[in-house]
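Just below is one structure, and these are the notes that go with it.
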Amino acid sequence: MNSPDDVRQQLDAVDYLVDDGLAMAVFLALRLGKPLLLEGEPGVGKTAAAKALAAALNTDFIRLQCYEGLTAGEALYEWNYQRQLLAIRLAEARQEKIGDADLFTAEFLQERPILRAVRYEGRTPPVLLIDEIDRADDEFEALLFEFLGEAAITVPELGTFTAVRPPIVVLTSNRSRELHDALRRRCLYHWIEFPPPSFAAEIVRRTVPGAAAPLIRSATEFIGRARRLELDKAPGLAETIDWVSALTALGVTDLVAADVVSTIGTIAKTPDDRLAVARLATEEPS
Amino acid sequence: MAFVGRLRRAGLAAGVTETGDLVHALEVSPPVSVEALYWTARVALVRRQADLEAFDRVFRAVFDEAPPLPLTRGAVPPSKRDDAHLAVPHGVDETTAGGGLPWATLPPAVAAAEPTDSPLQTPERRPSALAALAELPFEELDPLSLAALGDALRASLTDWPTRRTRRHAVDAAGRRIALRPTIARARRTAWEPVTVVRQRPVRRPRRAVLICDVSESMRAQAAAYLHMMRAFTLVADAEVFAFATTLTRLTPALRRTSADEAMAHATDAVGDRFGGTRIATNLTALLDSHHGNTLRGALVIVASDGWDSDPPARMTAAMARLRRRAHQIVWLNPRAGAPGFAPKVAGMAAALPFCDHLLPAATFADLAAAVRVLTR
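Going line by line, the protein sequences match chains A and B. Residue numbering for the first sequence follows full-length UniProt numbering, beginning at 1 and increasing consecutively. Residue numbering for the second sequence follows full-length UniProt numbering, beginning at 1 and increasing consecutively.
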């Protein structure tokens, strides 16, 4: 990919539409070899961006879902203790001597997603998605610094692994917690805005191929109106896609209030929101 | 470089790394249009959503043909921006001005005991003097004793309630076997795991979220509550919000080490002090914002007298949502300590069924008692 326009076209080919900002962000992340931190409201396509990038580059997609208490053992590497103990017993039975170097070698090392990305042996580097980094705790962020800065991982017993071709790293965050400045400094940043209705309609058209054009138009317009209501959870792009898929599965070609009410579970996710959205549908027939 | 300099003056944290990124980015993607240059610069320089606005402003000022806009934040005078972090002259001014305040708060006997001649000396107070002050209602305290009591409150916040996390640490009393240290220890005993190392879950201070009313009806308490908010922010890593008609997040302002600086920044940050009150609207705004997730499993402390200009039905809805997310809700009401108090104000009555505790908060002694209830 050698220009932002090229990025846009290649992502377009795998049915992921990007605006100028995201195209530039992805292009720069690829060219500068820096991790890309994506933020934006839930359901705006942050995770999908990483998946689409992997598909467009035709390379492997490695995903690390973050949660509280995530440690090196789950994210970087772990020693295979069972095999180590067996090796000890075996050496005993054969009356051999074993030293440190025999037990802490690469054959007893279990790869976890980040080490797998570092040791990846393919022609194109893999896309590593570190999803919802805000759900992990501060300690885990600190664990990532070496990897994000140098694309390297140090295993104390063994040495430092440095990636031959640094993986393409995408981090996503929902801002449920403020990320540390040191993490932000190591990444390029892009804030994904909710797309305007015409762009949203185009995205839905590409993701739900069987949907009728008038249905998509009226559905995205309706979502645009619903987002202006005071909702507990405003419907995002993911909800819009679910909804249009649901309506298409029901064979709807033109949106009427009764259809909105029957499929309301795909766009309104709390009892209060159900009421508000149903009211919007009945008072403004679309 | 000049552009980054301007961004820094506008309050954007663009450092050497970011500048380097921009230079590399311009190398690989020579700007063909202003649009492309905008995205290149934005992706390379901006690292948080809050900075986007300032970036846009500076970018427009530099690259549009419009005359340059004022590039500083409203609160900070243009020329003094770089001096904002120097606490020393600020602190000295404050202390020396303490004697000659323009308004008529005659410093009573306690303040006379202050060593006002040397601002650098730490004032020594006997515990009993502070204890007596703590019994006074907030409106009868002067700023210096408020600060002293704020510090005392902070010192008393020692055992904050904790919660269990999913992270484990080595502990002899733990139940889970820690494999890695056990194998490492077995090295000393010819790889025979003689000593089993154990681990247990780490406990962390439970997150606290403090929501303070700074409207007209709470004028007397506002300064004291600022000190309470600062104590909670520093000790328990609390998220702090102040509201009257709109919600303001005060956590970054209050996290500063210097008390004077923290108070000054917090006071600047709240734009709508001593206005009307819209409790329900602000609670809903907090729940809807991305900070709404910090409320999950948190200790939520609302400090307000419950005078609300929103209808009680809204309050019920907002409190019900808050109840579903929070671990515990404590309402601090400055009027609750008065004899014959009953929660009859509509807003307060609507909120009460969702609260775990309703506690008086008219003096620092009350606040200390409230903390004891929380840590029980």
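Here a beta-carbon is modelled for each residue, glycine too, at the ideal position from N, C-alpha and C. Here the structure is a predicted model, which means the values were calculated and not measured.
By Cβ distance below 6 Å, which residues in the same chain neighbour residue i in space, the five residues on each side in sequence not counted?
i: B:Arg6; result: Val58
i: B:Ala200; result: Rather than Ala, the amino acid found at residue 200 of chain B in this sequence is Arg. Excluding residues within five positions, the ones whose Cβ falls inside 6 Å are Asp171 and Gly174.
i: A:Arg274; result: Ile264 and Ala268
i: A:Pro4; result: Ala23, Met24 and Phe27
i: A:Leu11; result: Val18, Ala52 and Ala56
i: B:Asp151; result: none
i: A:Gly210; result: Thr248
i: B:Ala350; result: Pro312, Met315 and Thr316
i: A:Tyr16; result: Ala52
Run through chain A and tell me which residues come within less than 8 Å of residue i, C-beta to C-beta.
i: B:Ser215; result: Result: empty, since nearest Cβ-Cβ is about 22 Å, beyond 8 Å.
i: B:Glu35; result: Asp20
i: B:Arg167; result: Glu68, Gly69, Thr71, Asp137 and Glu139
Identify the contact partners of residue i in chain A, using a Cβ-Cβ distance below 9 Å as the criterion.
i: B:Gly174; result: The contacting residues do not exist; B:Gly174 stays about 15 Å from chain A at best.
i: B:Asp21; result: Leu28, Leu32, Lys34 and Leu188
Give me the chain B residues within the contact set of residue i, using Cβ-Cβ distance strictly less than 8 Å, ordered along the chain.
i: A:Met1; result: Those within 8 Å of A:Met1 in chain B number zero; the least Cβ separation is about 11 Å.
i: A:Arg185; result: Gly15, Thr17, Glu18 and Arg47
i: A:Tyr120; result: Those within 8 Å of A:Tyr120 in chain B number zero; the least Cβ separation is about 24 Å.
i: A:Ile98; result: Trp191
Is it true that the CB of residue j sits closer than 8 Å to the CB of residue i?
i: A:Gly33; j: B:Arg166; result: no
i: B:Leu295; j: B:Arg325; result: yes
i: B:Leu247; j: B:Ala223; result: no
i: B:Ala336; j: B:Pro360; result: yes
i: A:Pro235; j: A:Thr220; result: no
i: A:Met1; j: A:Leu30; result: yes
i: B:Leu352; j: B:Arg321; result: no
i: A:Phe140; j: A:Cys187; result: no
i: B:Gly264; j: B:Phe138; result: The question names Gly, yet the displayed sequence has Ala at residue 264 of chain B. Cβ atoms of B:Ala264 and B:Phe138: not closer than 8 Å.
i: A:Ala55; j: A:Val14; result: yes
i: B:Asp213; j: B:Ile279; result: yes
i: B:Val154; j: B:Val235; result: Residue identity check: residue 154 of chain B is Arg in the sequence provided, not Val. In this structure, B:Val235 lies closer than 8 Å to B:Arg154 by Cβ.
i: B:Arg249; j: B:Phe243; result: no
i: B:Gly11; j: B:Ala54; result: yes
i: B:Arg198; j: B:Arg180; result: no
i: B:Ala303; j: B:Leu332; result: yes
i: A:Arg244; j: A:Ile216; result: In the sequence as presented, Arg is not what sits at residue 244 of chain A; that position holds Val. Going by C-beta atoms, A:Val244 is nearer than 8 Å to A:Ile216.
i: A:Ile133; j: A:Thr172; result: yes
i: B:Val209; j: B:Ala238; result: yes
i: A:Ala200; j: A:Leu250; result: no
i: B:Ser156; j: B:Val4; result: no
For residue i, which residues from the same chain have a beta carbon less than 8 Å from its beta carbon, with the 5 sequence-adjacent residues on both sides left out?
i: B:Phe63; result: Val34, Leu37 and Tyr38
i: B:Asp356; result: Gln328, Ile329 and Val330
i: B:Asp21; result: Ala44 and Leu45
For a contact defined as C-beta to C-beta under 7 Å, what are the partners of residue i on chain B?
i: A:His190; result: Val43
i: A:Glu39; result: Gln49
i: A:Arg175; result: His290
i: A:Gln84; result: Ile183
If I'm right that residue i touches residue j with Cβ under 8 Å, what's the distance once you round it to whole angstroms?
i: A:Arg116; j: A:Ile62; result: 6 Å
i: B:Leu299; j: B:Ala266; result: Incorrect: roughly 21 Å between the Cβ atoms, too far for contact.
i: A:Arg175; j: A:Glu283; result: No, A:Arg175 and A:Glu283 are not in contact; Cβ-Cβ is about 33 Å, not under 8 Å.
i: residue 296 of chain A; j: A:Leu103; result: The requested residue 296 of chain A is not part of the displayed model; chain A covers only 1 to 286.
i: A:Ile241; j: A:Thr207; result: 5 Å
i: B:Thr40; j: B:Leu26; result: 6 Å
i: A:Leu53; j: A:Val127; result: 5 Å
i: A:Leu144; j: A:Leu183; result: 7 Å
i: B:Leu374; j: B:Pro161; result: 6 Å
i: A:Leu109; j: A:Leu158; result: 7 Å
i: A:Ala136; j: A:Ala151; result: 19 Å between Cβ atoms; not a contact.
i: B:Pro312; j: B:Ala365; result: The Cβ separation is near 31 Å, so there is no contact.
Keeping to the same chain, check which residues put their C-beta closer than 7 Å to that of residue i; ignore five residues upstream and five downstream.
i: B:Pro102; result: Its pLDDT being 46, under 50, B:Pro102 is placed unreliably in this model, and the coordinates cannot settle the point.
i: A:Leu280; result: Arg225, Ala226 and Leu229
i: A:Gly21; result: His190
i: B:Ala269; result: Thr248, Leu250 and Ala253
i: B:Thr233; result: Val240, Thr251, Leu254 and Arg255
So which residues of chain A does residue i contact, with C-beta pairs closer than 7 Å?
i: B:His24; result: Leu32
i: B:Gly297; result: Those within 7 Å of B:Gly297 in chain A number zero; the least Cβ separation is about 11 Å.
i: B:Ser46; result: Reading off the sequence shown, one finds Val at residue 46 of chain B, where the question assumed Ser. The contacting residues are Tyr189.
i: B:Trp160; result: Within 7 Å Cβ-Cβ: nothing; B:Trp160 doesn't reach chain A, min ~17 Å.
Name, please, each residue of chain B whose Cβ falls closer than 9 Å to the Cβ of residue i.
i: A:Trp243; result: Within 9 Å Cβ-Cβ: nothing; A:Trp243 doesn't reach chain B, min ~21 Å.
i: A:Ala25; result: Trp39, Arg42 and Val43
Exercise for the section: Pick out the complete beta strand (DSSP E) segments inside the segment 319-356 of chain B, 3 residues or longer, and give them in chain order. Expected result: 328-333
Handout entry: Complete alpha helix (DSSP H) runs within the segment 81-147 of chain A (minimum length 4 residues, chain order)
Key = 81-93, 100-103 and 113-118
Practice task
Enumerate, from N- to C-terminal direction, the unbroken beta strand (DSSP E) stretches of 3 or more residues contained entirely within the segment 145-202 of chain A.
Solution key: 152-155, 159-162, 168-173 and 188-191
Practice task
Go through the segment 236-272 of chain B residue by residue and report every complete run of the beta strand (DSSP E) that reaches 3 residues or more, in order.
Solution key: 239-243 and 247-249
Problem - Length at least 4, wholly inside the segment 18-58 of chain A: the alpha helix (DSSP H) runs in chain order - result: 20-32 and 46-57
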